[in-house]
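Data first, discussion second: the structure below is written as structure tokens.
In this note's numbering, the protein residues as written are 18 to 254.
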């Protein structure tokens, strides 16, 4: 029996409504058609329905689609081609531990296109290995900076970033930017590498927050785009 109130369906933001819907459905059999039928008959036979019932059902449908899109409900193994759905392992985690939903919010941050060099970081993130994902993201930045600047393999980490983006003679610096901006870009790269790659190179780093790991990957994506722009400047003179 669906226990979401009419006011909740009307007023809750879609993700919150979807999670409330998840909490009210059967862990064994989650069928949207049955949910809708139960919702329409919740007050008993002959009970007047609210005038906006069609809009309420549409919002529930949107919430159900959100749950499916975020892998909180999925096809039933008994009837994979039909309408039957089940609460997935991630959905059960979200019901048992409210903090587990942070994996959903984190994955949302990585939807869409990322730099090709971040494929390893993205794969490790999907596997839940956030430490390796963060390290791989910043390693990709290091590799691309070294390649684009034509610097030797012996130059590593922060020193590599300072050399490549040096306002004085860095090959990847933006000559059209004023000195303070050039220094800020060098600081941005050096700080990112120093904070998120170097520690993982030297010791075990506890990276338990998927949202933070996703944001490290996003930061790496931004840095790689800056490197790409620097390469275009070099090629076009």
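Note that CB positions come from ideal geometry on N, CA and C, so glycine has one too.
Remember, it's a predicted structure, so these values are computed and weren't measured experimentally.
For residue j and residue i, the rounded distance between their alpha carbons
i           : j           : result
residue 182 : residue 231 : 25 angstroms
residue 184 : residue 122 : 38 angstroms
residue 200 : residue 235 : 22 angstroms
residue 124 : residue 64  : 42 angstroms
residue 110 : residue 138 : 24 angstroms
residue 70  : residue 33  : 20 angstroms
residue 133 : residue 161 : 11 angstroms
residue 211 : residue 154 : 13 angstroms
residue 83  : residue 31  : 8 angstroms
residue 48  : residue 163 : 54 angstroms
residue 150 : residue 58  : 48 angstroms
residue 244 : residue 189 : 7 angstroms
residue 187 : residue 180 : 6 angstroms
residue 191 : residue 224 : 34 angstroms
residue 24  : residue 107 : 27 angstroms
Residue i - partner residues in DSSP beta bridges
i          : result
residue 88 : Partner(s): none; residue 88 has no beta bridge.
residue 47 : 102
Unbroken beta strand (DSSP E) run spanning residue i, endpoints
i           : result
residue 103 : 102-104
Opening and closing residue of the alpha helix (DSSP H) in which residue i lies
i           : result
residue 227 : 227-253
residue 290 : Since the first residue of the chain shown is 18 and the last is 254, residue 290 is not available in this structure.
Under the three-state DSSP convention, the category residue i falls into
i           : result
residue 37  : helix
residue 82  : helix
residue 132 : coil
residue 72  : helix
residue 26  : helix
residue 21  : coil
residue 31  : helix
residue 77  : helix
residue 58  : coil
residue 150 : helix
residue 93  : coil
residue 108 : helix
residue 144 : coil
residue 115 : helix
residue 53  : helix
Residue i beta carbon near the ligand ZN (any heavy atom closer than 7 angstroms)
i           : result
residue 104 : Among the ligands in the structure shown, none appear at all, so the ligand ZN cannot be discussed.
**Report entry** alpha helix (DSSP H) runs contained entirely in the segment 160-215, provided each spans 4 or more residues
**Finding:** 174-181, 196-213
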